[in-house]
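Let me begin by presenting the structure, written as structure tokens, before commenting on it.
Numbering (the numbering used here), first residue to last: 36 to 305.
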């Protein structure tokens with residue numbers, strides 16, 4: 036009865052299990068075929084003849100010891116390279132810091148040098164200023180009084196010569212001596228940087244270079260401000276007038292009568 040019930044079951048309801056002995060024989064046959072196809076001179080874990088890595092290991096092993104050793108060796112090399120790069124980066128950073136410090140020192144040195152040069156320039160300018168002031172004071176206190184005395188003597192000799200020529204028009208020996216002395220003094224003044232100038236009669240009066248001694252009144256407007264006569268020369272030293280030229284100048288004044296101008300009237304200037 037049991038066998039009949041068993042036979043009546045649908046073929047799909049029956050589970051047919053393979054025999055364990057059959058499975059074992061199949062596994063052994065598969066392993067044998069793999070070993071037969073393997074390279075007899077190749078060690079486990081080495082590449083195959085076609086260059087592919089070997090994935091077949093001996094029964095009961097989980098990994099290839101040679102592959103594990105190669106991986107460990109590569110890791111050590113990579114670690115060494117990383118350490119080397121870290122060392123080079125640290126050395127580069129140290130050199131960069133040294134370079135920055137050197138640049139800072141150079142900047143400080145440049146600023147110090149620049150400041151010293153500025154101080155030197157200021158000191159030179161100050162010394163030049165003081166030298167110019169000393170030179171000006173020396174001229175004012177020593178040279179100018181001597182030059183003024185010399186040119187005053189020359190002017191006096193020149194006036195005496197003019198007066199003697201009026202009194203003795205024929206020319207006498209003393210008059211010639213006065214003229215020679217006057218020329219010698221003029222040469223002496225010019226040798227020491229004094230410029231002698233003298234504007235002639237008929238030229239315009241220049242206040243900064245000339246001094247009016249006599250004012251000659253005239254009704255002719257065209258003669259107003261014109262030099263009538265030069266009394267003595269003027270003198271310039273270092274661009275400054277140390278003694279103005281003495282002159283007589285025409286001074287315009289409208290006449291009370293419309294008659295002709297009777298002639299210039301002399302007025303002494305203070």
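Even for Gly, the Cβ is constructed at its ideal location relative to N, Cα and C.
Assigned exposure category for residue 272 - 16 Cβ within 10 Å defines buried: Label assigned to residue 272: buried.
Residue range of the unbroken alpha helix (DSSP H) whose run includes residue 196: 179-202
Residue 230 in three-state terms, based on DSSP: strand
Distance CB(residue 233)-CB(residue 278) smaller than 7 Å: no
Exposure label - residue 177; buried when at least 16 CB within 10 Å: exposed
Own chain partners of residue 235 with C-beta closer than 7 Å, once the 5 adjacent residues on each side are dropped: Around residue 235: 265.
Spatially closest choice to residue 287 from 110, 267, 281, 262, by CA coordinates: From the listed residues 110, 267, 281, 262, the smallest Cα separation to residue 287 is found for 262.
Residue 283 vs residue 251 beta-carbon contact at 7 Å: yes
Coarse secondary structure for residue 263, derived from DSSP in three states: strand
Classification of residue 243 by the beta-carbon crowding that lies within 10 angstroms, buried from 16 upward: exposed
Identified DSSP bridge partners for residue 253: 287
Residue interval of the beta strand (DSSP E) (run including residue 269): Membership of residue 269 in the beta strand (DSSP E) is indicated by the continuous run 269-272.
Identified DSSP bridge partners for residue 246: 281
Residue 232 Cβ short of 6 Å to the ligand NAD heavy atom set: This structure simply doesn't include the ligand NAD, nor any ligand for that matter.
Beta-bridge partners of residue 239, as assigned by DSSP: 261
Cβ-Cβ distance between residue 290 and residue 268 below 7 Å: no
One or two residues paired with residue 138 in a DSSP bridge: In DSSP, residue 138 forms no bridge with anything.
From 182, 227, 223, 258, residue whose alpha carbon lies closest to that of residue 238: 258
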